[in-house]
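Colleague: Okay, here's the structure, questions in a sec.
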Amino acid sequence: MNENMTMEIKIPKRINPCPITRATIELVFDSAIPLSTVIGIVYNEFKHDYPNLRELPTSQMPDFIRRKEASLQNSPCYLLSKEEGDYALWVGEKVLSLTNQGSYVGWEALRAKFGEMHERIKKISLIKKHERISVLYSNEFTFNIMEQINIAISMQGKYLSDAGTGVRLSLKDDKFITNLNIANDVQMQDKKESAKSSVIDIATWTGDITNDIMQELEDCHTKEKRAFFELLNQDFIENKLNPEY
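Residue numbers for the sequence shown follow my numbering, so the first one is 6 and each next one is one higher.
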């Protein structure tokens with residue numbers, strides 16, 4: 006085996022500027038409670054934390070359609086939020102997602118917030134069994150990130166990194182799956198028409214819940230973070246992102 010195939014890299018505690026625009030922890034679970042009851046139970050428990058309740062289009066779909074379509078089974082149907090709040094809670098029949106919106110609060114704060122939410126959910130007996138835990142991060146850059154990653158795309162010997170280039174990858178590491186979506190020349194919804202960005206979206210998850218759910222969550226985050234920094238060129242990290250170790 007070629008020893009140069011695998012290279013250990015240092016993982017920064019943080020970088021500046023922070024490219025994270027959205028961070029989500031998603032829990033998929035088994036429950037015998039129907040959606041109409043789930044949202045009532047969850048909102049009653051969290052209404053002081055997230056007083057604003059909004060129905061999503063999936064909530065209007067008949068139950069048999071939502072349960073039959075694989076793409077809809079774990080989709081949120083309601084959004085609980087608070088004006089000027091750092092977090093929002095997405096609720097489905099068998100899914101709860103905690104999202105950090107706006108400035109990134111940091112992993113320790115996000116993890117603690119999820120842990121608090123999970124303890125409260127356990128007390129109201131909503132969850133029968135944990136089925137999947139995921140962490141999802143969206144990162145935005147104001148330049149062509151394709152020129153700064155450790156992935157090269159070529160066609161007939163020509164390196165492709167121009168506008169419109171995108172890459173999707175799915176990586177398996179033990180019982181964890183990491184899905185990467187990298188794209189440049191992306192028009193962000195909250196940006197002016199002339200403003201284009203590059204994005205790196207990373208989701209790491211496992212459906213093999215054999216340990217404490219908080220430990221599984223921590224392992225997901227560790228693998229997600231490593232995938233992000235292994236993706237980026239080391240010179241770019243050191244010279245442009247001001248890493249703190």
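Ideal Cβ placement from N, Cα and C applies to all residues, glycine included.
Fair warning: this is a prediction, and the values are worked out from it, not measured in the lab.
(1) Would you list the one or two residues that DSSP bridges to residue 72?
(2) Looking only at DSSP bridge pairs, what is residue 181 linked to?
(3) Tell whether a beta-carbon distance below 8 Å holds between residue 105 and residue 208.
(4) Beta-carbon within less than 7 Å of residue 24's beta-carbon, same chain only, minus the 5 sequence neighbours each way: which residues are those?
(5) Looking at residue 176: is its Cβ nearer than 8 Å to the Cβ of residue 232?
(6) How would you label residue 67, buried or exposed, when you count the other beta carbons within 10 angstroms and need 16 or more for buried?
(7) For the alpha helix (DSSP H) holding residue 234, just list the boundary residues, first then last.
(8) With a threshold of 7 Å on Cβ separation, who are the neighbours of residue 1 within its own chain once the five nearest residues in sequence on each side are excluded?
(9) Spatial neighbours of residue 171 within its chain, please: C-beta separation below 8 Å, excluding the five flanking residues on both sides.
(10) State the DSSP-derived secondary structure class of residue 244, mapped to helix, strand or coil.
(11) Hey, is the stretch 128-138 in contact with the stretch 31-39, meaning 3+ C-beta pairs nearer than 8 Å?
(12) Three Cβ pairs or more, each shorter than 8 Å: is that satisfied between the stretch 88-104 and the stretch 42-54?
(13) Mapping the DSSP letters down to three states, classify residue 147 as helix, strand or coil.
(14) If you follow the alpha helix (DSSP H) that residue 125 is in, where does it begin and where does it stop?
(15) Specify the secondary structure class of residue 92 as computed by DSSP and reduced to three states.
Modeller: Reading from the atomic positions:
(1) According to DSSP, which records beta bridges pairwise, residue 72 is partnered with nothing at all.
(2) BP columns for residue 181 point to 178.
(3) Taking a C-beta distance under 8 Å as the contact criterion, residue 105 and residue 208 do not qualify as a contact pair.
(4) 144, 145 and 146
(5) Judged by beta-carbon spacing, residue 232 lies within the 8 Å limit of residue 176, meaning their Cβ atoms are closer than that value.
(6) exposed
(7) Where residue 234 is concerned, the enclosing alpha helix (DSSP H) stretches over 218-236.
(8) Look at the range of the chain in this structure, 6 to 250, and you will see that residue 1 is not part of it.
(9) Taken in chain order, the residues that qualify are 186, 187, 188 and 189.
(10) helix
(11) yes
(12) yes
(13) If DSSP states are grouped into helix, strand and coil, residue 147 belongs with coil.
(14) 112-128
(15) strand
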